[in-house]
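The structure under discussion appears below in the form of structure tokens.
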Amino acid sequence: MTFGGFRLVYLGGMGRSGSTLAARLIGELPGVCAAGEVVHLWQRGVTDNEQCGCGAEFCRCEFWTAVAGAAFGGWSKVDVRRIADLRASVDRTRLIPRLARRSMPEALRRDLTEYTDYYASLYRAIAGVSGCRTVVDSSKHASLAFCLSLRGDIDLRVIHVVRDSRAVAYSWTTLVPRPEAGGSSYMTRYSPARAAAEWNTQNASLQLLAHGQTPVLRVRYEDLVGGVKPTMRLISGFAGLEVDEPGLAFVGGGARGRWAELRRAHTAAGNPMRFTTGKITIRPDDRWQTAMPASQRRTVTALTLPLLRRYGYAGGSGGSSPRASTVSGDTS
Ligand SMILES: [Zn+2]
Numbered sequence: 000m001t002f003g004g005f006r007l008v009y010l011g012g013m014g015r016s017g018s019t020l021a022a023r024l025i026g027e028l029p030g031v032c033a034a035g036e037v038v039h040l041w042q043r044g045v046t047d048n049e050q051c052g053c054g055a056e057f058c059r060c061e062f063w064t065a066v067a068g069a070a071f072g073g074w075s076k077v078d079v080r081r082i083a084d085l086r087a088s089v090d091r092t093r094l095i096p097r098l099a100r101r102s103m104p105e106a107l108r109r110d111l112t113e114y115t116d117y118y119a120s121l122y123r124a125i126a127g128v129s130g131c132r133t134v135v136d137s138s139k140h141a142s143l144a145f146c147l148s149l150r151g152d153i154d155l156r157v158i159h160v161v162r163d164s165r166a167v168a169y170s171w172t173t174l175v176p177r178p179e180a181g182g183s184s185y186m187t188r189y190s191p192a193r194a195a196a197e198w199n200t201q202n203a204s205l206q207l208l209a210h211g212q213t214p215v216l217r218v219r220y221e222d223l224v225g226g227v228k229p230t231m232r233l234i235s236g237f238a239g240l241e242v243d244e245p246g247l248a249f250v251g252g253g254a255r256g257r258w259a260e261l262r263r264a265h266t267a268a269g270n271p272m273r274f275t276t277g278k279i280t281i282r283p284d285d286r287w288q289t290a291m292p293a294s295q296r297r298t299v300t301a302l303t304l305p306l307l308r309r310y311g312y313a314g315g316s317g318g319s320s321p322r323a324s325t326v327s328g329d330t331s
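The numbers in numbering that gives the first Met the number 0 rise by one with no breaks, and the one at position 190 of the sequence shown is 189.
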């Protein structure tokens, strides 16, 4: 099997699990280009012309203009409505069982090929323009990971980012501005019960993906922020990157605090953290432990208990802190 000159590292998981931080850190590794949440590039970038992570309007960003030229002959040649229709047809959470079985009607298979052709062309062009062999897509949705896994011509490796469901649900109840959309736009909010249900679905789906032929590495947010360098080493090995110590010089610190040095990145869409550059402090965001109402905490714990236990977040009481452990490559 031949791969088209690039390798794709896909970050999957429930939103607000730390995937933006993980993607920014992986994007600092030599030979890696982090492209942001590509699933949202078509609408928010090409159509709505929101800001690239570099600060430029998407359609004025030199990087993305060059990528569009190489992939499609320019953004004007891309039928964004067609991509949206194809996404509605194939890139759906409810289709995951069918995608996992790899059995589907011919019409659906054709849509799937056409839909993922857009992504394959884009990834190839990102690799070409950036000069990086490895492209990171932090789209998160398990359904897109399944769609891409059905192509034989993409060297796909999935990093499944998990975070304590109570922290995730708490984050989904808070108001987060979206500076790139201008005006008073905010990220979507979910009720704790809705966030818990989504957390179960996304995480269980990515575990299902790991049962197939796609390599999947599970990384806990808490282990990433508690040990950036060892986690980056683990991810580098999983992604087939040869990274030596100088290649990890952008992260440092010890018991009293950890930091990373982030450069400007041409990320197409995603969490506002994608605009951050320079030296950042890395510490666990555990505000939920004091700020989350007890009733919400009980609800989310009860709704997500089987996977909370599986990931080491809950003992018998369901309320313990994350245990210290190394990052798991468990694909069971
Ligand atoms: Zn840019």
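From the three backbone atoms N, C-alpha and C, an ideal C-beta is built for every residue, glycine too.
- prompt: Are the C-beta atoms of R150 and some chain D residue less than 8 angstroms apart?
  reply: The structure shown has no chain D; it contains just one protein chain.
task: Consider the C-beta atom of A55 and the heavy atoms of ligand 1; say whether any pair is separated by less than 7 angstroms.
output: Within the cutoff, so yes.
query: Which same chain residues, not among the five before or five after R257, have their C-beta less than 6 angstroms away from its C-beta?
result: In its chain, beyond the 5 residues on either side, V227, I281 have a beta carbon closer than 6 angstroms to the beta carbon of R257.
- prompt: Excluding five sequence neighbours on each side, which residues of the same chain lie with their C-beta closer than 6 angstroms to the C-beta of P214?
  reply: Correct list, in chain order: R156.
query: Residue ranges of each alpha helix (DSSP H) run of no fewer than 4 residues wholly in the region 183 to 258, ordered along the chain?
result: The region 183 to 258 contains these whole alpha helix (DSSP H) runs: 191 to 209, 220 to 225, 227 to 237.
field: First through last residue of the alpha helix (DSSP H) which encompasses C146
entry: Note, C146: alpha helix (DSSP H), 141 to 148.
- request: Can you have a look at A87 and say buried or exposed, based on whether 16 or more other CB atoms are within 10 angstroms of its CB?
  value: A residue is called buried once 16 or more other Cβ atoms fall within 10 Å of its Cβ, and A87, having fewer, is exposed.
- prompt: Would you say the beta carbon of C60 comes nearer than 7 angstroms to a heavy atom of ligand 1?
  reply: For ligand 1, a non-hydrogen atom lies closer than 7 angstroms to the CB of C60.
- prompt: CB-CB under 7 angstroms to I279, same chain, minus the five flanking residues each way: which ones, in chain order?
  reply: Cβ within range, chain order: W258, A259, L261.
message: Pop quiz: A34 and V135 are said to be a contact at Cβ under 8 angstroms. What is the actual Cβ separation, rounded to whole angstroms?
response: Contact between A34 and V135 holds, since their C-beta atoms are separated by about 6 angstroms, short of 8 angstroms.
- prompt: Who are the near neighbours of F237 in its chain, counting only those whose CB is closer than 8 angstroms to its CB and skipping five residues on each side?
  reply: Short of 8 angstroms from the beta carbon of F237, and not among the five residues preceding or following it, lie these beta carbons of its own chain, in chain order: R156, I158, P214, L216, G328.
Given 8 angstroms, three or more beta-carbon pairs between the region 167 to 174 and the region 194 to 206: Yes, they touch.
message: Helix, strand or coil for V77? Go by DSSP, reduced to three states.
response: In the structure shown, V77 sits in coil (DSSP, three-state: anything other than H, G, I, E or B).
query: Thinking C-alpha only, which one of E27, F5, L10 is nearest T276?
result: Answer by Cα proximity: E27.
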